[in-house]
Ligand code: FES
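Numbering (the numbering used here), first residue to last: 1 to 354.
Structure representation (structure tokens):
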């Protein structure tokens, strides 16, 4: 009987696949745990790290499963001795590329390379570690670039060029001097970077670090709270990383629509206002040119009375509302309701910087 199309053999079992899937995708769909590091979902395979190697019957050497399209009749082995030895060597080579002293690394506990080294028991590195040629870049307020920890996997480049299509970074230089560069190798703040932080989220090691989150908690100390970004109406899904009741970091939720993990500069980095000491927590009433603290009942009674007086004296068009991009959509909705239904005016707007 003829073999059904789109069926291959995975570790001795016949499995079906969709046309266009890679061997890595097929294996993951069927529960075979192939590791990956440079692979970034939705982007072209680069085959840079080779930790995803598998054995394919008839192939002259091990192949990177993220780069190979599944084909009918293929016979794939994901955990042979040869495969495991090759992955161990490739992990060791990645570890030898830089300074991977996990103790003080911000990515400790959330590092793909660290997890791989643990899983494959790569406890020593036999190869000399090159001196880092490039100093850490930390001048901009958002992203620290620690080149000594970079494994040149290229995920940040793909995140920038293929996911966000900002095309601000690329691979630069050659050999031991290879580096992820901006145009003209300028620091981020002088480049085309728009600080969306997609590169930061894609980095599988500790080479890209969020500046304002640095030193504020380990991944296992954080409570991840899923929420909706309040900055605009798109409704991007994100996680607040909370420690001791304080938001210390924000990441996009890769599993949810509409953003699939991506965020803009405001959604990702614009959370410092939450715990700002300058934030007003009590109503202030201006009297004789100075503000004094007041209770909510007194403040609300005052504004209600003054709105009524102004409306009666000058008509509804004398009143307007200016809301904030930092308020939630629901709060902005209520504000326009107050202005339109309460005041009887259509003068409602918002300011992105409020
Ligand atoms: Fe396949 Fe890196 S994940 S080569």
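Ideal Cβ positions, reconstructed from N, Cα and C, are used throughout, including at glycine.
Predicted model only: the values in this text are computed from it and were never measured.
Straight through space, the alpha carbons of residue 250 and residue 220 are spaced by roughly 15 Å.
Shown here, residue 74 sits in coil according to DSSP, grouped into three states, outside any helix or strand. With distances taken between CA atoms, residue 65 lies nearest to 53 out of 57, 59, 53. Secondary structure in the stretch 52 to 120: the beta strand (DSSP E) runs of 3 residues or longer, each lying completely within the stretch, are 53 to 56, 75 to 77 in chain order. Residues 151 of the same chain have their beta carbon placed closer than 6 Å to that of residue 97, with the five preceding and five following residues left out of the count. Distances from the CB of residue 93 to the heavy atoms of the ligand FES are all 7 Å or more. With a cutoff of 8 Å on beta-carbon distance, residue 236 and residue 163 are scored as not near each other. Under DSSP, residue 243 forms a beta bridge with 246. Taking 8 Å as the upper bound for CB-CB distance, residue 69 and residue 7 are not in contact here, some 14 Å apart.
Between the ligand FES and residue 64, a heavy atom-to-CB distance of less than 7 Å is present. Between the stretch 86 to 105 and the stretch 121 to 129 there are three or more inter-stretch CB-CB distances shorter than 8 Å, so the stretches are counted as touching. Secondary structure note for residue 287: its beta strand (DSSP E) is the uninterrupted segment 284 to 287. Under the three-state reduction of DSSP, residue 151 is assigned to coil, being neither helix nor strand. As a beta-bridge residue in DSSP terms, residue 13 pairs with 10. Scanning 276, 159, 318, 83 for the CA closest to the CA of residue 262 turns up 159. When DSSP states are grouped into helix, strand and coil, residue 137 belongs to the strand group. Considered as a whole, the stretch 154 to 230 harbours 155 to 158, 198 to 202 as its complete alpha helix (DSSP H) runs of no fewer than 4 residues, in chain order.
A distance below 8 Å between beta-carbons, with the five flanking residues on each side excluded, links residue 47 to the following residues of its chain, in chain order: 38, 64, 66, 67. Using a cutoff of 7 Å, the CB of residue 47 counts as near the ligand FES, since one of the ligand's heavy atoms is closer than that. Under the three-pair Cβ rule at 8 Å, the stretch 168 to 187 does not count as touching the stretch 110 to 119. Classified as exposed, residue 225 has fewer than 16 neighbouring CB atoms from the shown chains inside 10 Å of its CB.
In its chain, beyond the 5 residues on either side, 223, 225 have a beta carbon closer than 6 Å to the beta carbon of residue 242. Contact between the stretch 202 to 216 and the stretch 294 to 306 is absent: fewer than three C-beta pairs spanning the two stretches fall below 8 Å.
Straight across, the Cα-Cα distance linking residue 269 with residue 103 is about 25 Å. Residue 34: not part of any alpha helix (DSSP H); DSSP gives it neither H nor E. Counting C-beta atoms within 10 angstroms of its own C-beta, residue 323 has 16 or more neighbours from the protein chains shown and is therefore classed as buried.
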